[in-house]
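The sequence shown begins at 190 in our numbering and counts up by one. Here a beta-carbon is modelled for each residue, glycine too, at the ideal position from N, C-alpha and C. Data block below; observations after.
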Amino acid sequence: MAGGTISLIGCSNENNQTPMTTSTSTGALPGEILVRSSPTWKNGVTHDLSFLAHEPMNEWTVVIAFAGDITEIWGAEIVTREGDLYTLTGTAMAAPLSAGDVLDFGFSARCKGDTTVSLVSVNGHLVELPAEDTAEALEIAPSTDPVLEEQKAQSSPPPEEPVSATSLDGEGDTDTSSYFQDNGRVEAEWEIFERFDGGFNTYLTIMNDTGVAQKPWSLLMHTDGFEVSVSWGMQVENLKDGWVRLTGADWGAALQPGQEVTVGFTGLGVEPVEILFGAEVSETLDTNGRPEVTAELFDPFEGGFNTYLTITNDTGADLSPWSVIMELGDFTIKSAWGMTVEDLGNGRVLLTGADWGAALPSGGTITVGFTGLGTAPETFVFHAADATEPTPKDPSEPEEPTAPTPVNDGPFSGADYGEALEHSMQFYYAQYSGDLPDNHPISWRGDSALTDGAEVGRDLTGGWYDAGDHVKFGLPMAYTATVLAWGADVFADGYAAAGALDDVVAHVDWVNDYFLRAYDDRGTADLSDDIFYAQVGDGHLDHAYWGAAEDMDMERPVYALTAEAPGTEVTAETAAAMASGAIVLAASGSHERAEELIARAEKLFAFSEAFQGTYTDAIPEVADFYASWTGYQDEMAWAASWLYKATGDETYLAKAEAYYHAQGVYWSLSWDDKSMGTAMRLAEITGDERYVADLERHFTYWMEDIARTPGTESNDGMGWLDQWGSARYPANTAFLALQYAELLELRGARHRAGEIEAFARDQIDYLLGDNPDGFSFVVGFGDDYALNPHHRNASGTTDVFDAGDNAHTLYGALVGGPDLLGQHDDSRENYIDNEVAIDYNAGLSGALAGLTEMEVLMV
């Protein structure tokens, strides 16, 4: 058959231009992919695509090769991922397709390097590759497409007996293909599962029998006669003399004690008879009364790596500050935390404890770290600093002033932030569902959805509508409730100064009243018969209707989670919402309600632990709207941290630390990923340096590495992470940053605290109008703001395409946001730029309260 591939612009598009619409040359294939647009940015790409049917079909499935991590997908779903091969199937089909029918879909992804997308098969029909493309296609990790597998199997030699692995010291087990490392590292088994001309594919099974969690795991591998071309579930960094460092990444990153994970790679070159594995060793030389230092690599990236340094003071005397010399080798230090770095020349630097890492009492241990650019050494070498200690400062010389907390040089005052916060509270009133309170302040809203839950005999009225639609999605609603309560807890004085404290307390009480009804424990102590109602309304049915909530008459099905069909993301997040809500309500004087919420939160958390499973398996219909990309461990850690604060029970703190994994360092606090929120809570609670280090990496990424929209003389631009809801991510990050700045102040790191606070202010100011267009992304704030948010009730019409502006002002709503170039389309039908949602405003509200508190109360 005639064929070809689609080649989409990848993440290294030098001109950052959107390609012209192109299509595949698929010939006799049953369908093809049309490329509508593929905008790229520094760390990712969005592909807007269409599937064109060439013949009638009941469903369509394609296999694509794409070496990035898909973070959001619409109009299709991921069936499987094997390495760089994604199997996608359409989800937007209301009826069978006829020849010529077109369905839109697309995805956003994080990726690094020259990443392109190629079509491999359509409904099992293989795209025929030109001869020169064959080798490149075979470098892709294992396929799940049966046609491709059959073709490749026919050209491969029959499998041989498993080959063996040998340890560095020659004591490897040559019979079991495994090398047990008794130095506290992981165990590895390997198997070549596929051979082709010029290379081979290999599975690596990594087993953690060290007794402690490996987050991430790492080990060394010797590549004798071959090089690693492609890997999955891990990152590969070239060292010296044929050695590479393997480090768990993405879904393969974390290993709990006793767990194992299977990752793999494609090797090009000579197939090995044996593979050598080894462990990294950090070494301290010439201690001479100086502290011991051990180094641990984590989170390698293209062109560099991150390192924890654990400093142990066994000198017998207090050190304030401590200092050691480190040899650089083939790398430089880009940034450091908990210490300063002074270049001594000759490839050496002086490391000196600073800020929160300065003082080290006798017998104490502290963990600091740095980001290195270049190649990490196989062994870090340290020396005593005696010979090069800085000359003591002349007492007559004036001291350098400590960097003050930055003053506000932006265009907005505390009163401005307070006004925006009041507006944000009005937005949540506009989202109320059910029998509204008599004093409800939104005149154009009335009672709605009063029969929710009737089909299951449960009163499920109340709660919040999710966005511009009328579905009650459990996961984003519970996340919103938790983050809103968090802001009310940590910045209560800011809420009070803005006159919005009563409003946020009312919102927390309203949504938790709904959660209490949504959790039915059947009146028994037995968890196995519990039911949690996680969703009311079908997203597809709901989105087919444009009109007011008060007038809707479509079916509103109820979706439940049970022991047999669990949804841990939703139940754990709701436990977090109840626990955080209890804290806020107790502070407002509602002690009985707070006690009720704590009791229910503890039971719902126990249910979440006892019956674990991803909620999209239990409710497949939600995958098109709020698929869980990060799993549910982040919700478990998050919920446990809130239960610890609400109860003081140390068991919950231990659980929070056990479940915690820093998967969101290079993302943002969001409805799907709470890991950096948990890091913030655990850093405050425990003071453990590893949580502070994770937060420091997170904010360094946002402040130095992430793409920015164009800014102004007083604003460096908005951090731009993703196309969908682009404004929510900097708002959420600003909320987290203000808390981190307070933590750094308490730890004595005033200069860094000032930098973090200035960044947070910059992000919020951009959203309020300090941008090149002077446009406010918060409806009702400023002179120029969105008039047509994508919101059915506010539109006042029954047709999304009706001319004219919305009939009602949706005060306080944060609209979706600008594209990477800072452009925004204020059109009602634009459900990307002008969408609104309850989760968009959660972090924004907390950040506004924080800035109000700082401006009004700390002058």
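Alpha carbon to alpha carbon, how far is residue j from residue i? Give it in angstroms, no decimals.
i	j	result
SER420	ALA687	52 Å
ASP1028	ALA872	24 Å
SER717	ALA548	51 Å
PHE794	GLN424	34 Å
GLY969	ALA604	15 Å
GLY657	VAL1025	6 Å
ASP362	ILE464	Low confidence applies to ASP362: its pLDDT is 29, below 50, so where it sits in the model is not reliable, and the reading given next is rough at best. Roughly 11 Å separates the two Cα atoms.
GLU753	ALA812	19 Å
GLY908	LEU292	32 Å
GLU791	PRO245	52 Å
ASP290	HIS887	44 Å
ASP972	SER859	29 Å
LEU884	ASP731	39 Å
PRO566	ARG479	22 Å
THR399	TYR621	51 Å
GLU878	TRP891	20 Å
GLU586	SER509	Because the pLDDT at GLU586 is just 40, under 50, the model does not fix this residue reliably, and the value given afterwards should be weighed accordingly. The alpha-carbon atoms of GLU586 and SER509 are separated by roughly 21 Å.
VAL725	GLU893	42 Å
VAL530	THR521	11 Å
PRO755	ALA723	10 Å
GLY542	GLY447	36 Å
SER407	TRP545	28 Å
VAL1045	SER777	22 Å
GLU481	THR504	9 Å
I believe residue i touches residue j by the beta-carbon criterion, under 8 Å. Please report the beta-carbon distance rounded to the nearest angstrom.
i	j	result
GLY1039	PHE924	7 Å
GLY279	ALA265	5 Å
PHE240	PHE294	7 Å
ILE1051	ALA574	The question about residue 1051 has no answer here: the residues shown for the chain are numbered 190 through 1048.
SER1036	LEU927	Reading the sequence as shown, one finds Ala at residue 1036 and not Ser. With 8 Å as the limit, ALA1036 and LEU927 qualify as a contact, their Cβ atoms being about 6 Å apart.
VAL459	GLY414	4 Å
So residue i is in the alpha helix (DSSP H); what residue range does that whole segment cover?
i	result
THR640	Segment: none, THR640 is in no alpha helix (DSSP H) and carries neither H nor E.
SER830	822 to 836
TYR618	603 to 619
GLU944	939 to 957
THR867	864 to 875
Starting from residue i, follow its DSSP beta bridges and name the residues at the other end.
i	result
TRP421	GLY453
TRP526	GLY558
SER1051	Only positions 190 to 1048 of the chain appear in this structure, which leaves residue 1051 out of reach.
ARG1050	The chain is shown from 190 up to 1048; residue 1050 falls before or after that span and cannot be answered.
SER407	THR436
MET396	GLU376 and GLU449
LYS429	DSSP, once it has assigned bridges, lists no residue as partnering LYS429.
HIS979	GLU1024
TRP653	TYR621
PHE662	GLN724
For a cutoff of 7 Å on Cβ pairs, would you count residue i as touching chain C?
i	result
GLY536	The question asks about chain C, but that chain is absent: this structure has only one protein chain.
Please list the terminal residues of the continuous beta strand (DSSP E) segment that includes residue i.
i	result
ILE808	Element bounds for ILE808: n/a, residue is neither H nor E.
SER797	No beta strand (DSSP E) contains SER797, which is instead part of the alpha helix (DSSP H) from 780 to 799.
MET767	Note, MET767: premise wrong, no beta strand (DSSP E); alpha helix (DSSP H) at 757 to 776.
SER307	306 to 311
PHE466	463 to 467
ALA1049	Absent from the structure is residue 1049, since the part of the chain shown begins at 190 and ends at 1048.
GLU502	The identity of residue 502 in the sequence shown is Asn, whereas the question assumes Glu. Careful: ASN502 lies outside any beta strand (DSSP E) and carries neither H nor E.
VAL252	250 to 255
GLY518	Counting along the chain, GLY518 falls outside any beta strand (DSSP E), and DSSP gives it neither H nor E.
GLY542	537 to 542
ARG917	From DSSP, ARG917 is part of no beta strand (DSSP E) but of the alpha helix (DSSP H) over 917 to 935.
ALA573	570 to 573
ARG270	265 to 271
- Message: Closer than 8 Å is the cut-off here; do at least three beta carbon pairs connect the segment 824 to 833 with the segment 751 to 770?
- Response: yes
- Just checking, does the segment 996 to 1010 make contact with the segment 914 to 921 on the three C-beta pairs under 8 Å criterion? yes
- Item | the segment 427 to 442 touching the segment 480 to 489, judged by at least three CB pairs closer than 8 Å | yes
- Query: Is the segment 992 to 1002 in contact with the segment 938 to 947, if contact means three or more CB pairs nearer than 8 Å?
  - Reply: no
- Query: Counting pairs of beta carbons, one from the segment 448 to 458 and one from the segment 390 to 398, are three or more of them closer than 8 Å?
  - Reply: yes
- Task: Could you tell me whether the segment 555 to 570 touches the segment 953 to 961, where touching means 3 or more Cβ pairs closer than 8 Å?
- Result: no
- Message: Closer than 8 Å is the cut-off here; do at least three beta carbon pairs connect the segment 770 to 779 with the segment 735 to 743?
- Response: no
- Are at least three pairs of beta-carbons, each pair with one atom in the segment 249 to 264 and one in the segment 306 to 314, less than 8 Å apart? yes
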